[in-house]
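Participant: I'd like to ask some things about the structure below.
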Amino acid sequence: MPVSKSVGARIKRREDPRLIQGLAHYVDDIKLPNLLHVAILRSPYAHARINGINTDAAQNLSGVKSVVTGDDVKDVIGGIPCAATDPEGFPGIKVPHHPVLATGKVRFVGEPIAAVAATDAYIAQDALDLIEVDYEPLDAINSADAAFADGAPVIHEDWDDNMAFTWSIAGGDVDAAFAEADQVVSQRIDHQRLVPNPMETRGVVAQYLPGKDQLNLWSSTQIPHLLRTQISVMLSMAENHVRVIAPEVGGGFGCKLNVYAEEALLGHMAKYLGQPVKWIEGRRENFLHTIHGRDQTGDVELAVKNDGTILGLKYTVSADVGAYYQLLTPAIPTLTGLMLCGSYTFKNVEMNLKAAFTNKMATDAYRGAGRPEATYLIERMIDVVAHDLDLDPLEVRRKNFIGKDAFPYETGTAVAYDSGDYTAALDKALKIADYEALREQQAELREEGRYLGIGFSTYVEICGMGPSAAMPAGGWESSTVRVDPTGKVTVLTGVSPHGQGQETTFAQLIADGLGVDIDDIRIIHGDTDTVQYGIGTFGSRATAVGGTAMVHAMGKVKDKVVDIAAHLLESNPQDIVIEDNKYCVRGAPESGLTLGEIAMVAHVGVELPEGTEPGLAESHFFEPPNFTYPFGTHIAVVEVDADTGEVEIQRYIAVDDCGNIINPLIVEGQVHGGIAQGVGQALYEEAIYDESGQMITGSFMDYALPKAHNFPRFELANTVTPSPVNPMGVKGVGEAGTIGSTPAIANAVIDALKPFGVRHIDLPLRPEKLWKLMQET
Amino acid sequence: MKLTGTHTIGATVERAFELLIDPEVLARCMPGCDKLEHRSDGVYDMAVSAGIGPVRGKYTGSVTLSDIQPPERYTMVVDIKGTTGFVKGEGIVELAPDGENTRITFEGDVQIGGPIAAVGQRMHASAARLMTRQLFGAIDAEARASEDEI
């Protein structure tokens, strides 16, 4: 009888039945007795002095329990933390105090000013209208260029200017590369500001139990443990008296990898009011006061030979990071720097970054976090090189690819790519696309005045975050695996998911590893009182790091189970095998014992081998030795309508290599969503602040998200190059779709417009922009 | 946001000017105007109800008329705010005879902030045009009605 294999099978997500049936419990589903509802007053000004706040009328409204302002909490709630401010990494970094409620001055539209707690959410909202704030408007800054301009208003008056920090990275000999070059190919590249937009906005419920001096905090977060630590510091509470629970979390994309004002504020209010409080973020609040992504503009220069060989790259860039730092703000553009060489062999590279304070919401990690910027710019520049040298973009890619025998490969930015075979993924994608036929079709259609474009992205990304030494707040992960007396398996994991399907993939690994039915396995996460400390789900790390921690813990359990089985079966541990979910002596399956039978022995504690502890539970903390580096080739085929400028995606081919695959269905789901978000950046999305610092794209009416009808059926495939970084050989796939798709679409659209002499267009590639370009020529 | 436009009022320049700076007339003609009272030297207290897209609200504040050069021009500053945001605008209104009528030209700069800025931004210009058209249309109607009375 063969061992049943869960790993690698297309198993439907075990999470989905409860989600589909409305049986999941999100923060807003939590109801507690005497619950008060909180609404937050937010600044309508981008930059203004607050000369006074009058809360009397709000306070007197029937049903209002309390109104809290910045002055009330400034001495009792610490600043909102940022974990990436080490002056060694960021020389001269300015770290402004980031209050939970503004005092004296507001610095962006949406900044919290006051909070009202009332008996229902409508009264709380009405009370906001009764708070009078005396603002003295100041000139606002809406871009890095404006922030650095002479005479610009200073946002943080502890300093003389708006330079937040600088950061540089260099490798090889850039000057020599540019001296040796036949040509220098330059282009200014913009990475527009984006809004992450998870389906579930943020939300917090806080409850204080005075008898235990315990704070229970439910939050829609990706990082319950990091949040617990930070909340305990902000509220000056002992960390072991703070319990954070991330219940069902409806998406995050990085924007819930953070510590927000409302989390500390509600914790404080629950304690001081003696009643539980709830705040659910509205969609408009989410646009204004949940972190944004990207917002870098820079000049790229490539030193190239006339045959398309790239010798070196320089990137001089400004990042608009907003008015304050959130948890990881300064770290994000540094990830761009690490990945500038892409899948290519050049090692002479230099990036110089200046980051500006502006009157906007902070930027931070949004799906891909710094790597989409790197991939977009290098993949876009490859096509610009091809354009300038009149070469096929494919030829330029092949000429510069890192060969499959070069791994592990150290890049010019001193990261070590773990494994890869970039040509294999490209060849597979070309075969699916039938590339030659596409080019022929393109030529024929051009004759008819129709504009088909073919775009490539041969990306590599950095995932499985990551070695602790390279992370701002720890990069390890933890797990506990325990077997109940009846043989049911409970797994505790520190990687609290928000849509990634760990309850399925992790159970698949356990089912195979311990020889147990998948229905007998429960994956517990997201409750700091239940689960040992963990870091969280982000940076495509859950399986590569969290899964590895679990596999190691499971290995320890299995060793013990095998020892007990050998003892009971009067055999040697090395002769015990699992067959048909029974532990038996090799060749004698009829005498096998189930995990449940062995677990009962372990718990009764009488028939154990000498010196063996009773019980069956083991933990493991895993420190990854390196990041992982997934890669792949995406090919987009688009047609641009000559009459309207509209882009139709006709085909989308994605060959992703995320190492070994545990569940192809989940991998495909992650790739689907990732592509959709990357296409959103390429074609539709842009968060715009006007000159006075007003966010003028603050609703779905004004901020376009892609919809299902914008996409063809994706043609997905994989190559499998296992990672040597973890025992499962997995790499991670949460961000690949986003990272790969933006440049593929941009390159396809610009390829379509080649007859119009188009060399580069900044994102998003909206119809009006394309139509105008087509009219100009 | 730049706001410019021209409108014709069926009255002489002198009469049109009178109507334009008469708070009672303005209170009647301004769309959504709940109150317009003279406070002091050219400063009027104003309350309006207005909506753009899904965001509807009440706004209070002031209208200040200055640099008044009858019957040719004046400068108007609007500064109102409410629970759904604020509107600050400054513009010059000029009157010129156009046959028996008066042609009004205005040119201004409007800043919109808060929730109304974030929603339906593309509708702001057309909403502003609509509201000025309603305002001057109503004043025109007043002018013609008062002429009938004479």
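These protein sequences, in sequence, are chains A and B.
Each residue of the first sequence is one higher than the last, beginning at 9 in our numbering.
Each residue of the second sequence is one higher than the last, beginning at 890 in our numbering.
Built from N, CA and C at the ideal position, the CB exists for glycine as well.
1. Residues in its own chain within less than 8 Å of methionine 9 of chain A by CB, not counting five upstream and five downstream?
2. From isoleucine 121 of chain A to isoleucine 532 of chain A, what distance separates their C-alpha atoms?
3. Could you tell me whether the Cβ of aspartate 137 of chain A comes closer than 7 Å to any Cβ of chain B?
4. Which residues of chain B have a Cβ atom closer than 9 Å to the Cβ of isoleucine 288 of chain A, listed in chain order?
5. Give the secondary structure of lysine 407 of chain A by DSSP, where H, G and I count as helix, E and B as strand, and everything else as coil.
6. Buried or exposed for leucine 274 of chain A, please, with buried defined as at least 16 other CB atoms from any protein chain shown within 10 angstroms of its CB.
7. What are the uninterrupted segments assigned as beta strand (DSSP E) that are 3 or more residues long and contained completely in the region 961-1007 of chain B, given in chain order?
8. Return the residue from the list A:Ala650, A:Leu438, A:Val679, A:Thr729 that minimises the CA-CA distance to phenylalanine 722 of chain A.
9. DSSP three-state label for threonine 298 of chain A, please.
10. Taking only three categories from DSSP, how would you classify isoleucine 121 of chain A?
11. Closer than 6 Å by C-beta to lysine 496 of chain A: which residues in its own chain qualify, once you throw out the five before and the five after it? Chain order, please.
12. Rounded to the nearest angstrom, what separates aspartate 190 of chain A and asparagine 314 of chain A at their Cα positions?
13. My understanding is that alanine 550 of chain A touches valine 503 of chain A, with C-beta atoms under 8 Å, so please give their C-beta distance in whole angstroms.
14. Does any residue of chain B bring its CB to less than 7 Å from the CB of glutamine 67 of chain A?
15. Identify the residues that DSSP records as bridge partners of leucine 346 of chain A: which are they?
16. Determine, for alanine 936 of chain B, whether the minimum Cβ-Cβ distance to residues of chain A falls below 7 Å.
17. Go through its chain and collect everything with a Cβ distance to proline 920 of chain B's Cβ below 6 Å, but skip five positions before and after it.
18. Less than 7 Å between CB atoms is the rule here; does glutamine 702 of chain A satisfy it with respect to chain B?
19. What's the C-alpha gap between methionine 1012 of chain B and isoleucine 941 of chain B?
20. Express the C-alpha separation of alanine 269 of chain A and alanine 126 of chain A in angstroms, rounding to a whole number.
21. Of the residues that make up the region 951-979 of chain B, which ones have a beta carbon closer than 7 Å to any beta carbon in chain A?
22. Should valine 944 of chain B be flagged as near chain A, meaning a C-beta pair shorter than 7 Å?
23. Please classify leucine 146 of chain A as buried or exposed, where buried requires at least 16 neighbouring CB atoms within 10 angstroms.
24. If contact means a Cβ-Cβ distance below 9 Å, which residues of the region 283-307 of chain A contact chain B?
25. Which residues in chain A sit within 7 Å of proline 920 of chain B, going by Cβ to Cβ distance?
26. Would you mind sorting asparagine 580 of chain A into buried or exposed? The rule is 16 or more other CB atoms within 10 Å of its CB.
27. Do glutamate 626 of chain A and lysine 564 of chain A have their C-beta atoms closer together than 7 Å?
28. Only counting runs of 4 or more residues, tell me where the alpha helix (DSSP H) segments fall wholly within the region 586-631 of chain A, in order along the chain.
29. Please report how far the alpha carbon of valine 999 of chain B lies from the alpha carbon of histidine 297 of chain A, in whole angstroms.
30. Could you please give the first and the last residue of the uninterrupted alpha helix (DSSP H) stretch that includes cysteine 918 of chain B?
31. From tyrosine 384 of chain A to asparagine 356 of chain A, what does the alpha carbon distance come to, in whole angstroms?
32. If we require 3 or more residues per run, which beta strand (DSSP E) segments fall completely within the region 188-257 of chain A?
33. What separation, rounded to the nearest whole angstrom, lies between the Cα atoms of glycine 428 of chain A and aspartate 24 of chain A?
34. So which residues of chain A does isoleucine 941 of chain B contact, with C-beta pairs closer than 8 Å?
35. Identify each residue in the region 704-715 of chain A for which the Cβ-Cβ distance to at least one residue of chain B is less than 9 Å, and report them in chain order.
36. Measuring alpha carbon to alpha carbon, tell me which of A:His300, A:Gly623, A:Phe415 ends up nearest leucine 603 of chain A.
Facilitator: Walking through what the data contain:
1. Low local confidence applies: a pLDDT of 32 at methionine 9 of chain A is under 50, so the model's placement there is unreliable, with the coordinate-based value given in what follows. Result list for methionine 9 of chain A: Glu587, Asp588, Pro597, in chain order.
2. Distance from the CA of isoleucine 121 of chain A to the CA of isoleucine 532 of chain A, rounded to the nearest whole angstrom, comes to 37 Å.
3. Taking Cβ atoms only, chain B reaches closer than 7 Å to aspartate 137 of chain A, which makes this a yes.
4. None at all; the shortest Cβ gap to chain B is about 17 Å.
5. Secondary structure at lysine 407 of chain A: helix, using DSSP grouped into helix, strand and coil.
6. Result: buried.
7. If one requires a minimum length of 3 residues, the beta strand (DSSP E) runs lying completely within the region 961-1007 of chain B are 962-971, 974-987, 990-1002, in chain order.
8. When A:Ala650, A:Leu438, A:Val679, A:Thr729 are compared, the shortest CA-CA separation from phenylalanine 722 of chain A is found for A:Val679.
9. In the three-state reduction of the DSSP assignment, threonine 298 of chain A falls in the coil class, being assigned neither a helical nor a strand state.
10. The answer is strand: DSSP assigns isoleucine 121 of chain A an E or B state.
11. Short of 6 Å from the beta carbon of lysine 496 of chain A, and not among the five residues preceding or following it, lie these beta carbons of its own chain, in chain order: Asp528.
12. Their Cα atoms are separated by approximately 6 Å.
13. Approximately 4 Å separates the beta-carbon atoms of alanine 550 of chain A and valine 503 of chain A; this is inside 8 Å, confirming the contact.
14. When Cβ-Cβ separations below 7 Å define contact, glutamine 67 of chain A makes no contact with chain B.
15. Per DSSP, none; premise fails for leucine 346 of chain A.
16. Cβ-Cβ to chain A under 7 Å: no for alanine 936 of chain B.
17. Excluding five sequence positions before and after proline 920 of chain B, the CB atoms of its chain that fall closer than 6 Å to its own CB belong to Met1020, Gln1023, given in chain order.
18. It does; some Cβ of chain B falls within 7 Å.
19. Distance between the alpha carbons of methionine 1012 of chain B and isoleucine 941 of chain B: 7 Å.
20. Across the structure, alanine 126 of chain A and alanine 269 of chain A are spaced so that their CA atoms are roughly 19 Å apart.
21. Listed in chain order, the positions of the region 951-979 of chain B with a beta carbon within less than 7 Å of a beta carbon of chain A are Thr972, Gly974, Phe975.
22. Against chain A, the CB of valine 944 of chain B has no partner CB under 7 Å away; the residue lies outside that interface.
23. Counting Cβ neighbours within 10 Å, leucine 146 of chain A comes out buried, since at least 16 surround it.
24. Result list: Arg292, Phe295, Leu296.
25. Residues of chain A whose Cβ lies closer than 7 Å to the Cβ of proline 920 of chain B do not exist; the shortest such Cβ separation is about 22 Å.
26. An exposed status is given to asparagine 580 of chain A, since fewer than 16 other beta-carbon atoms sit within 10 Å of its beta-carbon.
27. Closer than 7 Å, so yes.
28. Fully enclosed alpha helix (DSSP H) runs of no fewer than 4 residues occupy 603-612 of the region 586-631 of chain A, in order along the chain.
29. One C-alpha to the other measures close to 25 Å.
30. Note, cysteine 918 of chain B: alpha helix (DSSP H), 912-918.
31. Rounded to whole angstroms, tyrosine 384 of chain A to asparagine 356 of chain A spans 19 Å at the Cα level.
32. Runs of the beta strand (DSSP E) inside the region 188-257 of chain A: 191-202, 211-217, 222-227, 250-253.
33. So the two alpha carbons sit approximately 33 Å from each other.
34. Listed by position along chain A, the residues whose Cβ is nearer than 8 Å to that of isoleucine 941 of chain B form an empty set, because the closest Cβ is around 11 Å away.
35. For the region 704-715 of chain A, which is checked against every Cβ of chain B, the residues closer than 9 Å are Ile704, Thr705, Gly706, Ser707, Met709, Asp710.
36. Its Cα nearest to that of leucine 603 of chain A, the residue A:Gly623 stands out among A:His300, A:Gly623, A:Phe415.
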